[in-house]
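Q: Its first residue numbered 1, the sequence shown is counted upward by one per residue in the UniProt record's numbering. Have a look at this one.
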Amino acid sequence: MPLYEYHCKPCNGIFESIRPMREASVAVPCPECSRDAPRIMSSFNAFTFRDGYPRRLPDKGTFWHMGKEVKKRA
């Protein structure tokens, strides 16, 4: 099953959930406040190890698309 990302507006938090594809667009309860959180679109998830700790990419406020660093438009 795929891993999807969801955004909770009241908590301003992003969390992940493993769900069947047919349920991907159905809102998921936030693990912090239990309110429904809609799915956010993301291309894929990637993890790396830095300093011995696993960290989720992107890091340091930078974003990556097709292996190239990109910046948010102002």
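Glycine included, C-beta positions come from ideal geometry on N, C-alpha and C.
What residue range does the beta strand (DSSP E) around residue 8 cover?
A: 3 to 8
Q: Could you work out which residue in 32, 15, 8, 19 is closest to residue 2 when comparing CA atoms only?
A: Considering only alpha carbons, the answer is 19.
Q: If you count every other CB in all the chains shown that lies within 10 Å of the CB of residue 37, and 16 or more means buried, which is it?
A: buried
Q: Given a cut-off of 8 Å, decide if residue 28 and residue 42 are closer than it, judged by their beta-carbon atoms.
A: no
Q: Assuming residue 16 is part of the beta strand (DSSP E), what are its boundary residues?
A: In the DSSP assignment, residue 16 falls within the beta strand (DSSP E) that extends over 13 to 18.
Q: Under 6 Å Cβ to Cβ from residue 35, same chain only, skipping five residues before and after it: list those, please.
A: 10
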